[in-house]
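Numbering (the working numbering), first residue to last: 3 to 382.
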């Protein structure tokens with residue numbers, strides 16, 4: 003401390019070393035851009051904060067918090083951003099500079115697959131999230147995430163999972179209360195909040211908050227769906243404190259070794275009583291035991307998913323670009339030609355996005371039939 007000012011350990015990154023800003027999404031605090039760091043020679047993610055008085059200090063505090071959370075299963079913070087996104091006409095903005103993960107989020111993956119990930123990959127993701135969260139909770143003082151959900155789990159090129167977005171995180175000893183969420187948010191964060199957080203405006207979060215969210219996240223990984231999809235947020239807010247949880251009717255434990263143990267852990271995580279929920283260290287041990295049953299399939303699972311994502315990208319290209327089926331100079335690779343023609347046929351038969359059809363089907367099945375989206379409390 004010098005002259006009454008706090009010394010921060012993270013560097014400040016400005017526009018003079020950033021290039022090629024591209025908006026790639028938005029988070030709870032503001033927009034997210036991809037940019038090229040010209041001195042580091044790599045792409046980074048710039049997470050802006052909604053501009054308000056004190057935003058710069060908020061960015062510094064969050065950066066320091068994430069700096070303390072350095073772990074292979076947590077997205078690395080590289081600096082604090084201050085700039086105008088390369089445009090001098092823009093207002094000065096601030097945010098965080100993070101490692102860039104090109105595969106997007108777990109939420110993106112589930113939407114693109116329109117199905118659960120294959121078993122070994124799903125279990126590795128679940129294990130990596132539990133490892134990252136256990137690391138945060140074991141810090142002194144512990145770090146609470148308070149917004150754990152698929153959109154806050156990012157994926158590397160090899161589909162390794164990393165936890166991100168500490169916008170709601172607080173050092174545990176300094177947390178006074180949880181601020182809640184917007185009732186207009188259909189699902190989203192509300193779907194991952196524990197019952198005790200919905201019952202009292204003076205609720206003080208604990209580690210059990212994150213464990214509950216992890217249980218719901220496990221359900222999303224296992225089913226490939228968003229919990230309570232199509233259900234009014236007011237109904238979700240009312241029924242969770244009564245003991246209702248996402249529906250398990252479609253999960254068949256007989257098809258996958260160890261799935262019954264995973265479901266048991268999941269239900270322990272979302273237990274109505276916070277003190278009955280396991281620690282993340284318990285989760286790590288339980289999922290490790292299940293993952294070892296399927297680990298030999300991991301490379302194949304990762305390859306299959308990456309191939310499916312590539313096919314999806316080809317579909318998108320074929321819908322926007324006219325491709326001739328005539329072989330070029332008679333030497334075009336037969337495998338590539340067959341694959342392209344299969345994708346043309348697939349895109350034509352679906353008439354669009356698998357994601358749109360699936361989302362429509364889910365919403366249709368849930369509309370007016372909330373029992374299909376909830377597991378009633380008497381079946382716990």
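Glycine included, each C-beta is placed from N, C-alpha and C at the ideal position. All figures in this text were calculated on a predicted structure; none of them were measured in a lab.
What are the residues that DSSP puts in a beta bridge with residue i?
i           : result
residue 258 : Paired residue(s): none; residue 258 is not in a bridge.
residue 96  : 84
residue 304 : Beta-bridge pairing links residue 304 to no other residue.
residue 35  : 25 and 48
residue 165 : 76 and 155
residue 107 : 156
residue 20  : 39
residue 198 : In DSSP, residue 198 forms no bridge with anything.
residue 101 : 46
Apart from the five residues on each side of it in sequence, which residues of its chain come closer than 7 angstroms, Cβ to Cβ, to residue i?
i           : result
residue 12  : 65, 66, 69, 79, 81 and 82
residue 16  : 84 and 85
residue 293 : 125, 126 and 129
residue 214 : 196, 271, 272 and 279
Return the residue from the list the options that minimises the CA-CA distance to residue i.
i           : options               : result
residue 260 : 72, 296 and 269       : 296
residue 252 : 212, 117 and 206      : 117
residue 276 : 195, 128, 234 and 305 : 195
residue 130 : 141, 19 and 156       : 156
residue 14  : 48, 33 and 24         : 48
residue 98  : 288, 247 and 166      : 166
residue 22  : 34, 33, 226 and 39    : 39
residue 76  : 137, 36 and 89        : 137
residue 134 : 110, 73 and 230       : 73
residue 247 : 164, 228 and 88       : 228
residue 291 : 220, 264 and 18       : 264
residue 243 : 199, 224 and 225      : 199
residue 209 : 232, 203, 148 and 18  : 148
residue 32  : 91, 96, 19 and 45     : 96
residue 162 : 105, 193, 201 and 101 : 105
residue 269 : 309, 224 and 18       : 224
residue 89  : 317, 202 and 18       : 18
Helix, strand or coil for residue i? Go by DSSP, reduced to three states.
i           : result
residue 296 : coil
residue 313 : helix
residue 134 : helix
residue 146 : strand
residue 15  : strand
residue 228 : coil
residue 264 : helix
residue 275 : coil
residue 270 : helix
Just mark residue i as buried or exposed, buried being the case when its beta carbon has 16 or more other beta carbons within 10 Å.
i           : result
residue 312 : exposed
residue 301 : exposed
residue 93  : exposed
residue 43  : exposed
residue 305 : exposed
residue 191 : buried
residue 240 : exposed
residue 206 : exposed
residue 234 : exposed
residue 113 : buried
residue 315 : exposed
residue 222 : buried
residue 262 : exposed
residue 140 : exposed
residue 152 : buried
residue 212 : buried
residue 41  : exposed
residue 254 : exposed
residue 257 : exposed
residue 236 : exposed
residue 204 : exposed
Measuring only from the beta carbon, is residue i closer than 6 angstroms to any heavy atom that is part of the ligand SAH?
i          : result
residue 14 : The ligand content of the structure shown is nil, which means the ligand SAH is not present either.
Near residue i, which residues of its chain fall below 6 angstroms by C-beta distance, leaving aside the five closest residues on each side in sequence?
i           : result
residue 303 : 120, 122 and 123
residue 158 : 103
residue 383 : Because the chain spans 3 through 382 in this model, residue 383 falls outside it and cannot be assessed.
residue 361 : Residue placement at residue 361 cannot be trusted, given a pLDDT of 38 that sits under 50; the coordinates are not used to answer.
residue 108 : 152 and 155
Near residue i, which residues of its chain fall below 8 angstroms by C-beta distance, leaving aside the five closest residues on each side in sequence?
i           : result
residue 132 : 216, 282, 285, 286 and 289
residue 34  : 25, 26, 27, 28, 47, 48, 49 and 50
residue 160 : 304
residue 226 : 112, 115, 116, 117, 118 and 119
residue 150 : 131, 135, 165, 194, 212, 215, 216 and 219
residue 2   : Outside the displayed range of the chain (3 to 382) lies residue 2, so it cannot be described from this structure.
Under a CB-based cut-off of 7 angstroms, is residue i close to chain C?
i           : result
residue 246 : This model lacks chain C altogether; it includes just one protein chain.
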